[in-house]
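A short worksheet on the structure shown next.
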Amino acid sequence: MTSIVLIGFMGTGKSAVGRVLARSLNVPHIDTDTEIERVAGRTIPEIFTAEGEAAFRLRETAALASLAAPSFPLVLSTGGGTPLRAENAALLKQIGTVVWLQVTSEAILARVGSSLSERPLLTGSDSPLHLIENLLRERSPRYAALADYTLDTTDCAEAAEAADRVLSLLSLPLPV
Ligand code: S3P
């Protein structure tokens, strides 16, 4: 089995789906945001405030570089902006099969609405929906260029349902 890399916008379930997938496949789960927070000893909003977005992006690249070509299969959940740097996109391709999780802008807002303060790029606007729509429009071509597979999970109420769809898409066995 090759590793699975989940990409997509904030709130599309990359972390939750990745956790379930890794458990089903009995492989390690790595989440770049969690890894960055561990190494930095700060939360993501703290990193954005203290160091700025550019420094956060460098931390993303460093986290991926430390993983590239792992000797064992794993499931990797990325941050919504991770694939944007060309260098990161190349590293993600090296790590495994890339699956783009898609959710509509409205559903993204419904999912992240209660945790906006944890998402520095979505705070400070009267209309987070417009922010989401604009960022999604800007980023979608990058996600599309990198993805080996694309999966719309807007109608998945549970992460386990989306994880089962990823397994089916990749012709991997469903959990019993
Ligand atoms: C970001 C997404 C976040 C986190 C950071 C920046 C982005 O991760 O990496 O706030 O640029 O889209 P999630 O997609 O897991 O929320």
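In this text, residue positions in the sequence shown follow the numbering used here: the first is 328, and each later residue adds one.
Every residue gets a Cβ at the ideal spot worked out from N, C-alpha and C, and that includes glycine.
Suppose the cutoff is 6 Å on Cβ atoms and the five residues either side in sequence are ignored; what does the same chain contact list for residue i look like?
{"i": "residue 363", "result": "386 and 390"}
{"i": "residue 346", "result": "356"}
{"i": "residue 374", "result": "367 and 383"}
{"i": "residue 483", "result": "489"}
{"i": "residue 339", "result": "428 and 430"}
{"i": "residue 452", "result": "458"}
{"i": "residue 469", "result": "410 and 411"}
{"i": "residue 501", "result": "491 and 494"}
Got a sec? Which residues, its chain only, sit under 8 Å from residue i by beta carbon, not counting five neighbours each side?
{"i": "residue 424", "result": "329, 330, 331, 332, 475, 476 and 497"}
{"i": "residue 445", "result": "370, 371 and 372"}
{"i": "residue 471", "result": "427 and 477"}
Who are the near neighbours of residue i in its chain, counting only those whose CB is closer than 7 Å to its CB and skipping five residues on each side?
{"i": "residue 463", "result": "336 and 432"}
{"i": "residue 358", "result": "342, 345 and 404"}
{"i": "residue 436", "result": "455, 456 and 459"}
Among all the DSSP beta bridges, which residues are the ones paired with residue i?
{"i": "residue 332", "result": "403 and 425"}
{"i": "residue 357", "result": "403"}
If you compare alpha carbons, which of the options is closest to residue i?
{"i": "residue 442", "options": "365, 334, 372 and 380", "result": "372"}
{"i": "residue 426", "options": "445, 410, 369 and 457", "result": "410"}
{"i": "residue 343", "options": "503, 493, 501 and 499", "result": "493"}
{"i": "residue 485", "options": "418, 473 and 438", "result": "438"}
{"i": "residue 381", "options": "408, 398 and 402", "result": "408"}
{"i": "residue 399", "options": "361, 500, 467 and 422", "result": "422"}
{"i": "residue 396", "options": "352, 503, 454 and 418", "result": "418"}
{"i": "residue 481", "options": "503, 434 and 499", "result": "434"}
Is residue i near the ligand FMN, in the sense that its beta carbon is under 7 Å from a heavy atom of that ligand?
{"i": "residue 417", "result": "Absence of the ligand FMN from the depicted structure is noted, with the ligand S3P being the only ligands included."}
Can you give, in chain order, each stretch of the beta strand (DSSP E) that sits fully within the stretch 365-440 and has at least 3 residues? 402-404 and 423-429
Ranges of the alpha helix (DSSP H) found wholly within the stretch 468-498, counting only runs of at least 4: 486-496
Lining residues of the ligand S3P - beta-carbon closer than 6 Å to any non-hydrogen atom, in sequence order: Going along the chain, the residues that qualify are 337, 341, 342, 360, 371, 406, 407, 408, 446, 447 and 448.
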